[in-house]
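In the working numbering, the protein residues as written are 1411 to 1530. Don't be surprised by glycine CBs; every beta carbon is placed ideally from N, CA and C. Just so we're clear, the structure is a prediction, and the values are computed from it rather than from any experiment. Single-structure report; data block below.
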């Protein structure tokens, strides 16, 4: 019988997260080149992405697709955009107890309305 200890499981999780951060870093360089160019050092871009992903994970977002969507928004609207005053409505949704997919759905709908009204 194979026994996987908690230490091994934790190491595996860290390794998988590091791999995902690397994937997201490549994705941002390719899909958000203007945003990525703001970082002089590739390590600084990676650090930003890692911090961003960790921040969203503390709010209950763990699905890779959800995290990538949130990262897209940070690239489009600026780092930590959700902490600024114009985005207070977003903070209410993000900090709610709804499932992550419901929170993203509500945010996407609000963003769509803002775009349609020319407010975004």
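Shortest Cα-Cα distance from residue 1507 to any of 1471, 1498, 1429 involves 1471.
A straight-line Cα-Cα distance of about 32 Å links residue 1421 and residue 1488. Residue nearest to residue 1483 within the set 1473, 1500, 1436, 1495 is 1500 (criterion: CA-CA distance). Taking C-beta separations shorter than 7 Å and ignoring five residues to either side along the sequence, the partners of residue 1479 in its chain run 1514, following chain order.
If you draw a 10 Å sphere on the C-beta of residue 1456, you find 16 or more other C-beta atoms in it, and that means buried.
Your pair residue 1434 and residue 1469 does not check out as a contact, with CB atoms roughly 17 Å apart and the cut at 8 Å. Short of 7 Å from the beta carbon of residue 1503, and not among the five residues preceding or following it, lie these beta carbons of its own chain, in chain order: 1513, 1516, 1517. With a beta-carbon spacing of about 4 Å, residue 1485 and residue 1445 fall inside the 8 Å limit used to define contacts.
Apart from sequence neighbours up to five positions away, the residues of its chain that approach residue 1439 with a beta-carbon distance below 8 Å are 1446, 1455, ordered along the chain.
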